[in-house]
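2 protein chains.
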Amino acid sequence: MKALVTGAAGFIGSNLVDHLLAEGHNVVGVDNFSTGQAHFLDRAMLHTRFSMQRGDILDKAWLLSRMRDIELVFHFAANADVRFGADHPTKDFEQNAQGTANVLEAMRICGVPSIVFASTGSVYGEASIIPAPEDHPFPIQTSLYAASKLSAEGQIQAYAETFGIRAHIFRFVSILGERYTHGHVLDFYRQLTEHPESLRVLGNGKQRKSYLYVHDCVRAIFVALERAKDKVNIFNLGTDEYCEVNDSIGWICAELGVSPHIQYSGGDRGWIGDNPLIFLDCSRIRALGWKPELSIRQAVVRTVHYLRENIHRIERNDHLSCVPS
Amino acid sequence: MKALVTGAAGFIGSNLVDHLLAEGHNVVGVDNFSTGQAHFLDRAMLHTRFSMQRGDILDKAWLLSRMRDIELVFHFAANADVRFGADHPTKDFEQNAQGTANVLEAMRICGVPSIVFASTGSVYGEASIIPAPEDHPFPIQTSLYAASKLSAEGQIQAYAETFGIRAHIFRFVSILGERYTHGHVLDFYRQLTEHPESLRVLGNGKQRKSYLYVHDCVRAIFVALERAKDKVNIFNLGTDEYCEVNDSIGWICAELGVSPHIQYSGGDRGWIGDNPLIFLDCSRIRALGWKPELSIRQAVVRTVHYLRENIHRIERNDHLSCVPS
């Protein structure tokens, strides 16, 4: 199979590229390197079955030129900066909604028959059913990020119905593991290695979140591709558990051997649109025979190990972030 | 109140403008006149409280210049051509999703606090609960049109959460009445006045659809604005009934005094993405005290009367359409 991966130099995208290459597929990677990191592809670059080109999915002509002979698109390019949506109100729509529109049009024009899309559990907004199943009541969006992913989902579904492409849409919880470059584990890691005596946390620390290990995530995608053959296949991806921010803080501190004084900003939300409880019902993907190998705790610890080895290579974000995501 | 109406020269938009002016408000109308008709505003133009400017909501700078001192935006500009989405795959996204993104950004920059949005019952896709309530299970989109409206809904909700605007979102069934310019009543009217002996119908005639009279629609919007004060207020708008296409054909034929031979193309859908059963649960808006004054049959007949008087002013669509919508 010849697959195209958008966001190939990103956290999940690059892990996906490695998996595809290991399975013997031909892979075309594209990334604009706005947040992607070239060294994530160091291993992939050794494969003759891999080609990579820098470019932006907002450039329609360029995108079209990459789509020839592709059998499956993994659309993972996105602005994944959930928290700071309010600082750049048009970015989520442009990169995630318009970006997906461009990918779908290029696929249609070139006759690419199948797409895998990285959506988010945030599309459930503040879920009224916990854990949230895929057929949760029609939700109200609470972040620009989730709204842009919902837009992408809807477009993909309409292209599937109108033009006969097949779609696998995955609503992820937050992903952890190797090549993780933003989120609460990194934020807390940086704070605790720079000043181990104190930790600032937005919210009250009781926000409950779910996480999934990146290799479990990638495995689930391929299980679904293999076993789910509807026109539109939608799966939540997460573990059957959640943790409090305070749990995660405890695991990270234990791993680092520190006992900081914790300063909470207070309130049950870290920021506007922060969801105080993310927990997805993953029984649909589990019914296909997949289950995660790592617990949330194990995934957090694995991520701390990764950061310890690689923190010097991870670019510092402009935003000082001290909140879970 | 000073209100801005996008799509002011359209079917529903122009009826809304008349209502706003009759209620004593100041109204700024905008329209690109791609489908809007200047003569729909003949009455509005007589008001000193009305101003109208031609322009396109895709022109961000222009749109921004119209937004000063506006207190409420009625966003009714849209590509409303549901059936022919496949003929112009990017049009729905550009005009409806990107257009709404532009409206929201202009509102945010100018501090406009409130929006009313014309969405569609088509966002329920092929509903699993009939009649479909507003909290119907998370649907799968089946048309580019509905996907673009869903995108707009999500963006509006995210802006409400992120920037504190208030939103009233209405999911309409098909609207009938004065200034109706496209859809099955027009298609059948044209066919039957040009060759009364035969009528071509896409599908099997058993598709079940709901309709609402435009004045009932406009009244419902103002009832909701008056009585629903949540941050995001979502209402289905329709009658508590549906009809078969064959019912509507019978009413139109009776009104025109014709007895055509009916040729069905067959199948339970008129076109790809045609929904064979649209029926919305409108108990939420009814609980606010609104109810429609006209039945579907009365609305169809009223529309035929309007067409009889005005058919010479309604531009012929390039597409020969013989399907219900």
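These protein sequences, in sequence, are chains A and B.
Going by this note's numbering, the first residue of the first sequence is number 1, and it counts up by one from there.
Going by this note's numbering, the first residue of the second sequence is number 1001, and it counts up by one from there.
Here a beta-carbon is modelled for each residue, glycine too, at the ideal position from N, C-alpha and C.
All figures in this text were calculated on a predicted structure; none of them were measured in a lab.
Give a yes or no on whether the minimum CB-CB distance between histidine 1088 of chain B and chain A is below 8 Å.
no
In three-state DSSP terms, what is tyrosine 264 of chain A?
Look at tyrosine 264 of chain A here: in three-state DSSP terms it is strand.
List, in chain order, every chain A residue whose beta-carbon is nearer than 7 Å to that of aspartate 1135 of chain B.
Going along chain A in sequence order, the residues near aspartate 1135 of chain B (Cβ under 7 Å) are Pro137 and Phe138.
When we look at the beta-carbon of proline 1131 of chain B and count the other beta-carbons within 10 Å, is it buried (16 or more) or exposed?
Buried: at least 16 other Cβ atoms inside 10 Å.
Taking a contact to mean a Cβ-Cβ separation below 8 Å, would you say valine 1028 of chain B touches isoleucine 1070 of chain B in this structure?
It is a contact, given that the beta carbons lie within the stated cut-off.
Hey, quick one: how far does the beta strand (DSSP E) through valine 28 of chain A stretch, first residue to last?
26-31
Valine 1201 of chain B versus B/Val1218, B/Arg1208 and B/Tyr1264, residue with shortest Cα-Cα distance:
B/Tyr1264
Quick one: is glycine 111 of chain A buried, meaning 16 or more other Cβ sit within 10 Å of its Cβ, or exposed?
exposed
Going by alpha carbons, who is nearest to arginine 1219 of chain B out of B/Ile1175, B/Ser1148, B/Trp1271 and B/Ser1051?
B/Ile1175
Could you check whether leucine 4 of chain A and phenylalanine 76 of chain A sit closer than 8 Å to each other, using their CB atoms as the reference points?
no
Taking the alpha-carbon positions, what's the isoleucine 115 of chain A to arginine 284 of chain A distance?
19 Å
Cα-Cα separation, asparagine 10 of chain A to phenylalanine 93 of chain A
Checking the displayed sequence, the identity of residue 10 of chain A turns out to be glycine instead of asparagine. Cα-Cα distance, rounded: 19 Å.
Residues that arginine 1108 of chain B contacts on chain A, provided the C-beta gap is smaller than 8 Å
Below the 8 Å Cβ cutoff, chain A contributes Pro89 as neighbours of arginine 1108 of chain B, in chain order.
So with Cβ pairs under 8 Å, would you call isoleucine 1272 of chain B a contact of chain A?
yes
Since threonine 239 of chain A sits in a beta bridge, which residues does DSSP pair it with?
BP columns for threonine 239 of chain A are empty, so no partner.
Beta-bridge pairing of serine 122 of chain A - partner residues as DSSP gives them:
Per DSSP, serine 122 of chain A has no beta bridge partner at all.
Have a look at the DSSP bridge pairing and note the partners of lysine 2 of chain A.
A/Asn26
Short check: CB of leucine 104 of chain A to CB of glutamine 155 of chain A, under 8 Å?
yes
Using the DSSP secondary-structure output, state which residues sit across from lysine 1209 of chain B in a beta bridge.
BP columns for lysine 1209 of chain B point to B/Cys1243.
For the pair the stretch 1147-1164 of chain B and the stretch 139-154 of chain A, tell me if three or more CB-CB distances fall below 8 Å.
yes
Contact with chain A by leucine 1144 of chain B, beta-carbon distance below 8 Å:
yes
Do three or more CB pairs link the stretch 298-305 of chain A to the stretch 226-234 of chain A at distances below 8 Å?
no
Along chain B, which residues have their Cβ under 7 Å away from the Cβ of alanine 147 of chain A?
Gly1154, Gln1155, Gln1157 and Ala1158
Taking only the alpha-carbon atoms, compute the straight-line gap between serine 321 of chain A and phenylalanine 1235 of chain B and give it to the nearest angstrom.
For serine 321 of chain A, the pLDDT reaches just 42, beneath the cut-off of 50, and the residue's location in the model is therefore unreliable, although a value from the coordinates is still provided. Their Cα atoms are separated by approximately 38 Å.
For the stretch 1165-1185 of chain B, enumerate the residues whose C-beta is nearer than 9 Å to any C-beta of chain A, in chain order.
none
How would you label glycine 1183 of chain B, buried or exposed, when you count the other beta carbons within 10 angstroms and need 16 or more for buried?
Glycine 1183 of chain B should be labelled buried.
For a contact defined as C-beta to C-beta under 8 Å, what are the partners of glycine 85 of chain A on chain B?
Ala1158 and Thr1162
Just to make sure I have the definition right: I need the residues of chain A whose C-beta is within less than 7 Å of the C-beta of phenylalanine 1093 of chain B. Which are they?
Ala101 and Gln155
Please say whether glycine 1099 of chain B and leucine 1046 of chain B have beta carbons closer to each other than 8 Å?
no
Taking buried to mean at least 16 other C-beta atoms within 10 Å of its own C-beta, is aspartate 274 of chain A buried or exposed?
buried
Rounded C-alpha distance that separates alanine 1326 of chain B from proline 1196 of chain B:
With chain B represented from 1001 up to 1325, any question about residue 1326 of chain B goes unanswered, as that position is not in the structure.
DSSP three-state label for serine 1174 of chain B, please.
Note: serine 1174 of chain B maps to strand in three-state DSSP.
By the DSSP assignment, the beta strand (DSSP E) with proline 1198 of chain B in it spans what residues?
This sequence places serine at residue 1198 of chain B; proline is not what is there. Here the beta strand (DSSP E) through serine 1198 of chain B covers 1198-1201.
Exposed or buried, aspartate 42 of chain A, counting other C-beta atoms within 10 Å across all chains shown (16 or more means buried)?
exposed
Check each residue of the stretch 1221-1233 of chain B: if its Cβ is closer than 7 Å to any Cβ of chain A, include it; give the result in chain order.
Val1232
Going by alpha carbons, who is nearest to histidine 1261 of chain B out of B/Gly1289, B/Phe1188 and B/Leu1277?
B/Phe1188
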